[in-house]
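Worksheet: one structure, shown below.
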RNA sequence: CGGUAAAAACAGCUUGUCGCUUCCCGCUUGCGGGAUGAGGAAAGUCCGGGCAACACAGGGUGCCGUACUACCUAACGGGUAGGAAAUCCAAUAUAAUGUUGGGUUUACAGCUAGUGCCACAGAAAACAAACCGCCCCAAGCAAUUGGGGUAAGGGUGAAAAGGCGGUGUAAGAGACCACCGUUCUGUUAGCAAUAACAGAAGCAUGGUAAACCUUACGGGUUGCAAGGCCAAAUAGGUUACGAGGUGUAACUUCGGUUGCACAAAACACUACCCGUGUUUUCGUAAUGGGUAGGCUGCUAGAUUCCGUUUGCGAAAACGGAGCCAGAUAAAUGACAGGUAUACCCUGCAAGGGGUGAAACAGAACCCGGCUUAUCGUUUUUACACUUUA
RNA sequence: GGUCUCGUAGUUCAAUGGAUAGAAUAGAUGUUUCCUAAACAUUUGAUACAGGUUCGAUUCCUGUCGAGACUA
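Numbering (our numbering), first residue to last: 701 to 834.
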């Protein structure tokens, strides 16, 4: 049975890690309307093997209410699907930090987003299993 | 019945599954159980206050803000009531201005304290002046020319020196008169703004203070990223105590000692001047800044709801009941179903079927206002119109 | 979160409250050239939005909207 919790230790809050992610992170997975940037880190003491950051651009959505709603939707999808990612990471003994960026230009329903999310996680897991060529 | 305007209230409810924030309880210490969780504007940050730190001898000048009156309030540039003005509608009267009733709006102190500005046009844009005119006198056959009076009419302009009618006159003119307007004085009413009445002044008192300014009143500065605490390492820092700078003269054991005179700079009150206070350099002792992180400030309050009383009202007093967010890369959600309203289709109607929250929008120290955004629903008041009796 | 500043042609800047809102550059058209560039001539194009004060507003006042700066 998978756990569907989403605690604070699963969220990316450290300023140092965020700066590192956006300066050095070069592993990108794109599946419309999402774009995922991730970076491998060496933090073996973490309880969970990943920390996540969700962003929605202010340029595309001026209203703060709409931005918050999209972020909550994404967080819900991540919460329900993260066990797929955790299995792979725990098998390989890796820790990563990742940023999920919403690059769509308009609001979307739950049903419209669902196939995109499924594909996104498949792509992510594929890229995780292929070794870093750089 | 519908329409317009203003004001007020609401702006979903509910079931299940999985999550998030804070608090409480339990233990197997990261899980289980329970409670709790966003608005009328949380927004803009436009005003005002609480709270906090620093500063709190004083005087003058300056700066900023406000501006009919009374009241409400912790306070306000907010609100309530009243007055005045402007404008619209209706009725009514007139030569014209008006009067009465109702609606809406008003940054409504003072250009009669002083200074400035009023383009173009126009004779003249403010201690007056005269282009076309009007009238008188003189010259001339006449056209016209010269001198004087005048400001009614024309013309210019956004604005032309009270309005209209009469008397008067060579023509005219508040030169004089009636009515209206304006200003001043007095009486009465009113807490007051002001109003009514009476009298006086012929009125050179054009407009502009959202031009400088004057008058009256108010304003210490900075904002919770304020401020306080914790903690490993190390120096410029901070605090306390002690000595003290420059010039000159005398004495001298040439190390200094004594007398006299004088500061300068920086900082604070403070934007400037006066004034006041502190510091400057050295030694000793104590303490330990900032950065990154955590804790605190942090939510019980000019509090919410109900009732009674007082007041035209804003509001106040009293009594009862209640506790109601506290995040920090920032919780308050997602999915599935039901449903009042609303919307769409159909129907003469009753009804039937479908969609099924969809407006503006998300607390960040806390309150009182203002402003702006807003799908709709309900209530009240006012106005005009239509229909029926 | 808090404190401030600024909005004028496509762009960079002007304009004391006075009317056709100016200059450079960019764009368009023409002349010149075998063609282009340069040069010359002509022309298009703007006061962020909404109210108010004033005879008259880019300018003064108020409110919105947008952009930017500072602050740990």
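Where a beta carbon is used, it is the ideal one built from N, C-alpha and C, also for glycine.
Exercise. Taking Cβ positions, are residue 803 and residue 753 nearer each other than 8 angstroms?
Worked result: no
Exercise. What does residue 746 pair with, by DSSP beta-bridge criteria?
Worked result: Answer is none; residue 746 lacks a bridge partner.
For this session: Provide the residue(s) that pair with residue 740 in DSSP beta bridges, ordered along the chain.
Result: 796
Problem set entry | Validate contact between the stretch 807–819 and the stretch 728–736 using beta carbons, cut 8 angstroms, 3 pairs | yes
Exercise. Do the stretch 759–768 and the stretch 777–784 make contact, defined as three or more Cβ pairs closer than 8 angstroms?
Worked result: no
Exercise. Would DSSP call residue 722 helix, strand or coil?
Worked result: helix
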